[in-house]
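Visitor: My questions all concern the structure below.
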């Protein structure tokens with residue numbers, strides 16, 4: 001980690017927000033280097049309160065003198081496989097062991113002499129269970145077990161950890177939660193994955209009652225494997241439990257049928273009182289595909305969006321409950337809606353808060369937006385729009401474009417829309433003035449990016465990135481001289497008909513990088529020889 005970033009992180013950690021001071025006020029300045037290699041440095045302060053040994057290829061813990069007085073130990077990304085049976089850490093408050101992939105077992109008495117431990121991170125280790133000595137951690141506040149893929153059971157002793165505030169079990173193979181977990185009165189953040197239903201569908205995964213007793217709970221995230229049989233049978237009861245949580249502000253939840261969403265909207269205290277400021281909801285029968293249509297990077301970007309997110313999947317109608325949720329959303333993922341012909345069917349006013357939108361596999365979608373003269377601006381806040389496998393999509397906009405529409409759009413991606421023949425009309429460029437990234441991929445009928453509709457005044461958009469992939473009929477970027485597209489970066493693959501692309505001499509000032517297949521470059525035609533000569537000098541064979 002760069003020194004500046006490490007000092008900043010230590011400064012944040014040293015703030016005494018919880019009434020317990022982990023680091024001295026000027027702690028980051030007291031660190032001294034004990035070894036030469038950056039990847040294996042051992043950082044210890046003058047009082048031995050902080051030990052840092054990250055990615056050092058450790059196979060066993062450092063010597064006892066190094067950590068006996070340590071308050072914080074960072075042993076991340078090592079090769080630890082064996083830990084001492086009963087280590088003596090009387091002052092230790094934070095222990096980070098994540099990503100020690102070879103660590104399979106924690107000794108039975110491992111936690112016996114850690115009376116001050118408050119934070120324990122065992123993420124991405126190979127442990128199969130937690131020892132019963134975890135009950136000795138009477139001051140533990142945070143327990144992180146994320147992506148411990150071999151962990152299938154949580155001991156009932158966890159229920160004795162009264163100060164516990166954060167419990168992260170996402171990505172584990174836990175098939176049952178102990179009933180004692182309901183006794184965690186201080187728990188405010190809970191993440192849990194419920195997977196493996198085909199094997200454990202008859203197990204009582206969820207103790208009864210459970211959630212409604214966790215009155216301090218503010219964040220609840222439940223990940224469910226698509227098609228989970230147990231979840232289908234139990235979700236109604238769990239919704240009633242969740243609905244009783246008065247302090248809930250963040251929720252991730254899967255509603256396999258619309259009727260379950262309706263039940264939640266009717267009964268949830270947090271929803272009705274508008275305390276639920278962050279949510280990620282999936283509504284509809286979700287199915288896991290071996291070859292997903294939407295690229296992983298797009299899904300990852302959606303999953304990282306903060307705020308109010310709705311994924312509506314495998315539907316034929318637009319229920320009122322979905323509209324009610326959508327009206328509060330900043331991100332919307334429409335997946336397999338069979339009958340919709342335009343996103344405007346959700347109501348242009350309903351979708352106007354959206355900042356992020358994905359549309360995938362909507363077979364009857366003909367246009368994204370329909371509007372008439374005099375209507376209010378549509379998508380005034382939208383920043384990212386990504387459309388995939390919409391076989392009848394003919395245009396982005398149909399009708400009059402109200403002023404202010406798409407004013408914030410920065411990224412537009414169109415993938416596998418075989419009836420799309422152009423992206424923008426030249427008159428629409430005015431509304432996409434903030435567009436930075438445009439990607440058009442596998443749209444076999446695309447002939448031009450900008451279609452001329454006989455505007456008189458000049459219009460131009462300046463992109464940071466233009467990506468054109470697998471467009472066999474693409475001939476022009478723009479066919480009208482009044483409509484210009486400038487870009488800093490262009491990427492062209494399998495566009496054999498695109499012969500003239502750098503006609504405008506202004507590109508000499510804007511273009512910084514080109515990536516393309518060599519055959520396409522060699523087949524280019526230059527209207528202005530001087531421009532062609534300029535680019536030939538900067539574009540060497542096969543290089544950017």
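Residue numbers (the UniProt record's numbering): 1 to 544.
For every residue, glycine included, the Cβ atom is placed at its ideal position computed from N, Cα and C.
(1) Starting from residue 74 and walking both ways along the beta strand (DSSP E), at which residues does that stretch end?
(2) According to DSSP, is residue 400 part of a helix, a strand, or is it coil?
(3) Would residue 82 and residue 106 qualify as a contact pair, given that the criterion is a beta-carbon distance under 7 Å?
(4) How far does the alpha helix (DSSP H) with residue 118 in it extend, from its first residue to its last?
(5) Secondary structure at residue 321, three-state DSSP: helix, strand or coil?
(6) Residues bridged to residue 219 by DSSP?
(7) Taking only runs of the alpha helix (DSSP H) that begin and end inside the segment 400-471, which ones reach a length of at least 4 residues, in chain order?
(8) Since residue 92 contacts residue 124 with CB under 8 Å, what's their CB separation in whole angstroms?
(9) Does the count of Cβ pairs from the segment 240-258 and the segment 287-305 closer than 8 Å reach three?
(10) When you compare only the Cα positions, how much space is there between residue 58 and residue 181?
(11) Please report the straight-line C-alpha distance between residue 24 and residue 145, rounded to a whole angstrom.
(12) Got a sec, what are the start and stop residues for the beta strand (DSSP E) residue 52 sits in?
(13) Threshold first: 4 residues or longer. Then list the alpha helix (DSSP H) segments lying entirely within the segment 360-397, N to C.
(14) Can you give the Cα-Cα distance for residue 343 and residue 449, rounded to whole angstroms?
(15) For residue 404, is the classification buried or exposed, using 16 other Cβ atoms within 10 angstroms of its Cβ as the cut-off for buried?
(16) Check whether the Cβ atoms of residue 467 and residue 439 lie closer than 7 Å to each other.
(17) For residue 56, does the three-state DSSP call read helix, strand or coil?
(18) DSSP on residue 113, reduced to helix/strand/coil?
(19) Do you know offhand how far residue 501's Cα is from residue 458's?
(20) Does the separation of the CB atoms of residue 157 and residue 174 fall below 7 Å?
(21) Measure the alpha-carbon distance for residue 69 versus residue 278 and round it to whole angstroms.
(22) Nearest-angstrom Cα distance between residue 331 and residue 302?
(23) So what does DSSP say about residue 311, is it helix, strand or coil?
(24) Between the Cα of residue 356 and those of 338, 161, 381, spot the shortest distance and give me the residue it belongs to.
(25) Where residue 443 and residue 353 are concerned, what is the direct C-alpha to C-alpha distance, given to the nearest angstrom?
(26) Between the Cα of residue 122 and the Cα atoms of 138, 474, 142, which residue gives the shortest distance?
(27) Beta-carbon within less than 6 Å of residue 102's beta-carbon, same chain only, minus the 5 sequence neighbours each way: which residues are those?
(28) Less than 7 Å between the beta carbons of residue 140 and residue 161, yes or no?
(29) Here's a check: name, in chain order, each residue in its chain whose Cβ is nearer than 6 Å to the Cβ of residue 396, leaving out the five neighbours to either side.
(30) Return the chain-ordered list of same chain residues with a C-beta closer than 6 Å to the C-beta of residue 189, the five sequence neighbours on each side being excluded.
(31) Return the CA-CA distance between residue 497 and residue 520, expressed in angstroms with no decimal places.
(32) If you run the structure through DSSP and keep just helix, strand and coil, what is residue 182?
(33) Report back the beta-carbon spacing between residue 213 and residue 192 to the nearest angstrom; my notes put them in contact at under 8 Å.
(34) From the DSSP output, in three-state form, read off residue 213 for me.
(35) Look at the alpha carbon of residue 32 and the alpha carbon of residue 73, and state the distance between them as a whole number of angstroms.
(36) For the alpha helix (DSSP H) that contains residue 519, what are its first and last residues?
Guide: In terms of the structure at hand:
(1) 72-74
(2) coil
(3) no
(4) From DSSP, residue 118 is part of no alpha helix (DSSP H); its letter is neither H nor E.
(5) helix
(6) 189, 250
(7) none
(8) In fact, because the Cβ distance is near 21 Å, the residues do not count as touching under 8 Å.
(9) no
(10) 34 Å
(11) In this predicted model, residue 24 has a pLDDT of only 31, less than 50, meaning its place in the structure is not dependable; the value taken from the coordinates is given anyway. C-alpha separation (whole angstroms): 28 Å.
(12) 50-52
(13) none
(14) 22 Å
(15) exposed
(16) yes
(17) coil
(18) strand
(19) 18 Å
(20) no
(21) 40 Å
(22) 8 Å
(23) strand
(24) 381
(25) 29 Å
(26) 142
(27) 79, 81
(28) yes
(29) 368
(30) 166, 219
(31) 9 Å
(32) helix
(33) Not really, about 15 Å apart at Cβ, beyond 8 Å.
(34) helix
(35) With a pLDDT of 34 at residue 32, under the threshold of 50, the modelled position of this residue cannot be trusted; read the value that follows with caution. So the two alpha carbons sit approximately 15 Å from each other.
(36) 518-522
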